[in-house]
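Take a look at the structure set out below.
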Amino acid sequence: MNGKKVERLMRKHRIVGITRRRRRGLTRQAKRAVFAADLIGWDFTAPRPGCGWSAT
0 MNGKKVERLM RKHRIVGITR RRRRGLTRQA KRAVFAADLI GWDFTAPRPG CGWSAT
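Following numbering that gives the first Met the number 0, the numbering of the sequence shown begins with 0 at its first residue and continues without gaps.
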């Protein structure tokens, strides 16, 4: 059967297709996760208030 005919019959009989939502994956943290040590020593604190970081 032609797709257009199906559309026409569905319209005539007021039949509407259902579109299901895609399920989104969920990442959960492990209960006993082991975090790596801070080897580089990242320190993102500003030297004084109002002083922002810039990559210049």
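The beta-carbon is built from N, C-alpha and C at its ideal position, and this holds for glycine as well.
Any non-hydrogen atom of the ligand SAH closer than 7 Å to residue i Cβ
i	result
residue 44	The model on display carries no ligand, and the ligand SAH is accordingly not part of it.
DSSP three-state assignment for residue i, whether helix, strand or coil
i	result
residue 7	helix
residue 2	helix
8 Å Cβ shell around residue i - same chain, five flanking residues per side excluded
i	result
residue 15	9
Own chain residues within Cβ distance below 7 Å of residue i, not counting five before or after
i	result
residue 26	none
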